[in-house]
Structures are given as structure tokens and as C-alpha cells.
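K.L.:
Have a look at this one before I ask anything.
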Amino acid sequence: MRSSRQDVSGNYAGAVTRVLAHWVDLAIAGILFVVGTAAIDYVLRTIVGVDAEAKDLGRWYALAGAIWLFLYWWITVAVAGKTPGKALLGLRVVGRQGDVLPSLRCAVRAASLPLSYLLFGLGFLGIIVGRERRALHDTIAGSAVIYDWGPRTAELPMPISAYLARKAAEEPRQAADG
Amino acid sequence: MNQQDPLQGRLGKLANAIATLVVQTLDLPQLASEIDIAAIIHQIDVVEIMDQSDIDAILQQADMDALLDNVDVDRVIARVDANALLDRVDVNAMLDRVEVDALLNRVDVNTLLDRVDVERLLNRVDVNALIARVDLDAVLDRVPVDELAQRAGIPEIVSESTSHMAASFIDLLRRIAVGLDLVIYGTIQRLLRRQAADMPQGPPLLTVEDV
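Line by line, the protein sequences give chains A and B. If you count by numbering that gives the first Met the number 0, then the first sequence holds residues 0 to 177, one letter each, in order. If you count by numbering that gives the first Met the number 0, then the second sequence holds residues 0 to 210, one letter each, in order.
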């Protein structure tokens with residue numbers, strides 16, 4: 000039964016998987032940041048004796064959050080080729096040719112990620128309409144996102160695999176008739 | 000030798016004639032009935048006779064088999080009081096003299112076991128009664144369940160099956176997401192009037208194009 004499913008390992012990843020992975024990453028990074036800042040706040044109040052809320056540290060928190068998100072996207076991709084969200088959805092960040100993305104370009108990709116959010120997320124449009132399904136930050140960093148389920152084969156669902164197989168069989172016949 | 004003593008010849012004939020006459024005259028049964036045999040036997044010293052006899056020589060001449068054939072063994076045994084005999088036996092003293100190890104060394108256990116009818120033996124065993132007498136809690140308390148589970152590899156099996164189920168579930172979600180990816184991408188490409196076959200499937204190093 001598994002053999003009748005189409006293998007898509009190494010293919011460019013689409014919008015749904017990438018968006019879902021991005022949400023998972025935002026959730027994980029957000030939770031870790033909140034827990035981390037709460038722990039730091041507790042330590043400041045109980046041990047150092049500094050009341051963070053009274054000192055209006057909102058800007059510092061925002062800066063710390065931005066740095067944290069940058070580090071999250073940079074380090075995870077540089078070390079493992081994927082963020083936790085991408086690992087869950089079976090995605091991997093590679094170079095445009097399919098090679099391993101160098102650490103510096105991982106940093107560029109993480110730094111340019113906010114640019115894709117500009118103009119109502121226009122930078123993500125490339126994932127849907129682009130030939131290589133790359134977002135703006137992928138274009139800037141020279142990266143691409145592919146399906147990679149690790150030791151297992153990335154597969155399409157059975158009905159779509161069957162549809163594509165039928166279509167592939169019909170195309171040569173239609174070309175001959177035309 | 001041919002010439003006999005003339006006196007002895009005549010006396011002998013006379014003695015024979017007298018003896019014959021006496022025998023004919025005497026009433027021997029009458030005479031025998033008047034003899035007190037019990038008194039005669041009473042006067043015989045049997046012990047002295049036995050002392051003077053060569054018992055071994057007599058026994059050697061005796062036909063023991065014929066003698067034993069005439070003995071009614073069943074009758075002899077019937078007259079033996081076995082309980083009285085056993086009462087006189089000191090069993091402990093007898094057992095003390097038995098060398099058990101030597102005795103056991105002489106026992107061929109395999110032959111003994113071959114003669115045991117195991118089926119018959121088991122049929123006589125009341126298994127339910129036997130099990131009812133077993134304190135299972137006590138038995139189980141002595142069983143190292145954790146160690147047994149470890150040796151049987153149960154944690155690995157549980158871990159493997161759990162991770163396999165989790166991976167299968169994640170793959171299912173991934174397949175749905177990949178399917179939606181393809182549907183959306185195919186729809187967009189159709190709207191843009193692009194041929195799907197012209198679109199690259201993935202990075203050149205990771206995709207093998209059909210020849």
C-alpha cells in the first residue's frame with residue numbers, strides 16, 4: 000500500500016506545511032520566551048530585589064524577544080537544518096541547489112524573516128506563486144525549504160497519488176491526440 | 000574256610016532251632032504292647048547322642064532339596080506371628096546400620112524412572128487441590144517481575160510500538176498537509192496558466208529528473 004503513494008522527498012515544500020510549521024515555531028518560541036522572562040523576573044525580584052514592572056522595561060523585553068526569536072530561527076536551522084516546527088511537519092531548510100545552508104546564510108535568513116511580514120505578508124507570496132516556492136527571506140538568504148521526513152519517505156496521500164498517476168498516464172495520450 | 004568248626008555247626012543249628020521255636024511260641028504283638036516305649040525313650044540321653052554324632056556328615060548326606068520339597072512353607076508361614084516378629088525388630092538400629100549413600104549409589108535412577116508411569120501418577124494428583132494450597136501472593140512476591148520484564152525486552156517493545164504509533168500519526172498529518180500543499184499549488188499554477196510539468200519539483204541536487 001505504501002508503494003502506491005507518490006514520493007515527494009526533496010521536493011519544494013508548499014504553503015500549508017510551511018505556515019503550520021511557522022505557527023508551531025511561534026508557539027514554541029513564544030512559550031519559551033514567556034517562561035524564560037518569568038523566571039528571570041522572579042530571580043530579579045526575589046534575589047536581586049529589582050521590581051521589573053515598576054521600572055518600565057517594556058522596550059527591553061521587546062528587544063530581548065526579537066533577539067530571542069532571531070537566535071531561535073538562526074541556531075536551530077544552522078545546527079539541525081530545521082526548526083522544531085519544521086521538524087514536526089517534516090521540512091528542512093537547504094541551499095538553493097539543495098546543499099547544506101551555511102551558518103552565516105542561516106543568520107541572514109533569520110534576520111530577514113521579519114521582512115516577509117511587511118505589507119501584509121506579501122513576502123510569503125512567493126511560496127504560492129514562485130517556481131521554487133521561496134519566500135522573501137529565502138530569496139535573500141539563497142535558501143529553499145523541502146520535504147524531509149528523516150529516515151522515512153515523504154509521501155502524498157493515496158487519493159492524490161492516484162489522481163496524479165492517472166493524470167500522468169493521460170497526458171501522453173492527449174498530446175498524441177492533439 | 001570250607002572246613003567248619005563241627006561244634007559251631009551243631010550249636011548253630013541248635014540255636015536256630017531254639018530261636019525258631021521261641022518265635023513260634025511267643026506272641027510278639029502281645030509282647031510289644033507290654034513294652035513301655037515312653038520309659039525307654041525317657042532313658043535315652045538325646046544330648047549325648049547328638050554330641051557323639053557328626054552332624055555335618057549327616058547333613059552332607061542328607062538330600063536337602065528333597066527335604067525342603069516336603070516342607071509345607073505356606074503352613075509354616077501361617078504359623079508365624081508376623082506382628083510379634085516385627086515387634087522384636089529394632090528398626091532404628093537396623094536403619095542405623097544401613098549406609099544410605101552406598102545404597103543410593105547402587106540405584107539406577109534412570110531405570111527406576113523408566114518404570115514410573117507418569118501419566119498414571121499425574122492422573123492421581125489433584126491439581127486443583129494442589130494449586131489451592133499454593134500461596135500465589137507469596138510466590139509472586141518472590142518473582143522479580145521488573146527483572147523479568149527487562150530481560151524479555153518489554154520496555155523496548157512498548158517504547159518501539161509507542162514511537163511507531165506516534166510516527167504513524169505524525170506521518171498521517173504530514174501527508175494531509177502535503178496533499179493540501181499540492182492542491183493549492185496546482186490550483187495557483189492553473190490560474191497562472193502554467194504547465195505543472197515545467198515547474199521544478201525541488202532543488203537540482205535533491206531531485207532526480209526523469210530521463
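Built from N, CA and C at the ideal position, the CB exists for glycine as well.
Which first and last residues belong to the alpha helix (DSSP H) in which residue 286(B) is found?
P.N.:
Not covered by the structure: residue 286(B). The range shown for chain B is 0 to 210.
K.L.:
Does residue 204(B) come within less than 9 Å of chain A when only Cβ atoms are used?
P.N.:
Within the second sequence, residue 204(B) is the residue found at index 205, counting from 1. Output row for residue 204(B): interface = yes.
K.L.:
Output needed for residue 93(A): all residues of its chain with C-beta closer than 8 Å, excluding positions within five of it in sequence on either side, in chain order.
P.N.:
Within the first sequence, numbered from 1, the residue matching residue 93(A) stands at position 94. If we look at residue 93(A) and ignore the five residues flanking it on each side, its Cβ neighbours are 80, 99, 100, 142, 143, 144, 145.
K.L.:
Against chain B, does residue 41(A) count as a neighbour if the rule is that its beta carbon must be under 9 Å from one of theirs?
P.N.:
In the first sequence, counting from the first residue as 1, residue 41(A) sits at position 42. Residue 41(A) does not count as touching chain B.
K.L.:
Pull up the distance between the alpha-carbon of residue 13(A) and that of residue 195(B), whole angstroms please.
P.N.:
To locate residue 13(A), count along the first sequence from 1; it is residue 14. To locate residue 195(B), count along the second sequence from 1; it is residue 196. Whole-angstrom Cα-Cα distance: 14 Å.
K.L.:
Since residue 18(A) and residue 154(A) should fall inside the 8 Å C-beta cutoff, what is the C-beta to C-beta distance between them, to a whole number of angstroms?
P.N.:
Position 19 of the first sequence, counting from 1, holds the residue named residue 18(A). Position 155 of the first sequence, counting from 1, holds the residue named residue 154(A). That belief does not hold up - the Cβ atoms of residue 18(A) and residue 154(A) are roughly 20 Å apart, past 8 Å.
K.L.:
Could you tell me the distance, in whole angstroms, from the CA atom of residue 35(B) to the CA atom of residue 95(B)?
P.N.:
By one-based count along the second sequence, residue 35(B) stands at place 36. By one-based count along the second sequence, residue 95(B) stands at place 96. If I take the Cα positions, the gap works out to 57 Å.
K.L.:
How many whole angstroms separate the CB atoms of residue 199(B) and residue 96(A), which I take to be in contact at a CB cut-off of 8 Å?
P.N.:
The sequence position of residue 199(B) within the second sequence is 200, counting from 1. The sequence position of residue 96(A) within the first sequence is 97, counting from 1. Not a contact, Cβ separation roughly 11 Å.
K.L.:
Are the CB atoms of residue 147(A) and residue 91(A) nearer to each other than 9 Å?
P.N.:
In the first sequence, residue 147(A) corresponds to position 148, counting from 1. In the first sequence, residue 91(A) corresponds to position 92, counting from 1. Taking the C-beta atoms as reference points, residue 91(A) is found nearer than 9 Å to residue 147(A).
K.L.:
Going straight from the alpha carbon of residue 75(B) to that of residue 26(B), what length do you get?
P.N.:
The residue labelled residue 75(B) in the question sits at position 76 within the second sequence. The residue labelled residue 26(B) in the question sits at position 27 within the second sequence. Approximately 43 Å between the Cα atoms of the pair.
K.L.:
Anything in chain B within Cβ reach of residue 72(A), meaning under 7 Å, just list it in chain order.
P.N.:
Stepping through the first sequence from its first residue, residue 72(A) is reached at position 73. Here the premise fails: no neighbours, minimum Cβ distance about 20 Å.
K.L.:
Should residue 159(A) go down as buried or exposed, given a rule of 16 or more other Cβ atoms within 10 Å for buried?
P.N.:
Position 160 of the first sequence holds residue 159(A). When all chains shown are included, residue 159(A) counts as buried.
K.L.:
From what residue to what residue does the alpha helix (DSSP H) around residue 84(B) run?
P.N.:
As a first step, residue 84(B) is located in the second sequence; it is residue number 85 there, counting from the start. Element bounds for residue 84(B): 81 to 86.
K.L.:
Are at least three pairs of beta-carbons, each pair with one atom in the stretch 108 to 124 of chain A and one in the stretch 58 to 75 of chain A, less than 8 Å apart?
P.N.:
Short answer: they touch.
K.L.:
Does any residue of chain A have a CB that is nearer than 9 Å to the CB of residue 152(B)?
P.N.:
Against the second sequence, residue 152(B) aligns to sequence position 153. Output row for residue 152(B): interface = no.
K.L.:
Could you list which residues in chain A have their beta carbon closer than 9 Å to that of residue 200(B), in chain order?
P.N.:
Residue numbering aside, residue 200(B) sits at position 201 when the second sequence is read from its first letter. Correct list: 7, 9, 10, 11.
K.L.:
Since residue 117(A) contacts residue 125(A) with CB under 8 Å, what's their CB separation in whole angstroms?
P.N.:
Translated into positions along the first sequence, residue 117(A) becomes position 118. Translated into positions along the first sequence, residue 125(A) becomes position 126. Incorrect: roughly 13 Å between the Cβ atoms, too far for contact.
K.L.:
For residue 90(A), list the residues DSSP reports as bridge partners.
P.N.:
Locating residue 90(A) in the first sequence gives position 91, where the first residue counts as 1. Note: residue 90(A) sits in a beta bridge opposite 146(A).
K.L.:
Determine, using beta carbons only, whether residue 103(A) and residue 20(A) come nearer to each other than 9 Å.
P.N.:
Locating residue 103(A) in the first sequence gives position 104, counting from the first residue. Locating residue 20(A) in the first sequence gives position 21, counting from the first residue. In this structure, residue 20(A) does not lie closer than 9 Å to residue 103(A) by Cβ.
K.L.:
So the alpha helix (DSSP H) residue 30(A) belongs to, where does it begin and stop?
P.N.:
Here residue 30(A) refers to the residue found at position 31 of the first sequence. Per DSSP, residue 30(A) belongs to the alpha helix (DSSP H) from 14 to 42.
K.L.:
Does any CB atom of chain A fall closer than 9 Å to the CB of residue 196(B)?
P.N.:
For the purposes of this step, residue 196(B) is taken as residue 197 along the second sequence, with counting starting at 1. With its beta carbon less than 9 Å from one in chain A, residue 196(B) belongs to the interface.
K.L.:
Applying the criterion that 16 or more other CB atoms from any shown protein chain within 10 Å of the CB defines a buried residue, is residue 3(A) buried or exposed?
P.N.:
As a position in the first sequence, residue 3(A) is number 4, starting the count at 1. Residue 3(A) should be labelled exposed.
K.L.:
What do you get for residue 84(A), buried or exposed, if any count of 16 or more other CB atoms within 10 angstroms of its CB means buried?
P.N.:
For this step, residue 84(A) is matched to residue 85 along the first sequence. Looking at its Cβ environment, which holds 16 or more other Cβ atoms inside 10 Å, residue 84(A) is buried.
K.L.:
Against chain A, with Cβ distances strictly below 9 Å, would residue 183(B) count as a contact?
P.N.:
The residue given as residue 183(B) occupies position 184 in the second sequence. True, the Cβ-Cβ gap to chain A drops below 9 Å.
K.L.:
Pick helix, strand or coil for residue 206(B), following the three-state DSSP scheme.
P.N.:
Locating residue 206(B) in the second sequence gives position 207, counting from the first residue. In this structure, residue 206(B) counts as coil in the three-state DSSP scheme.
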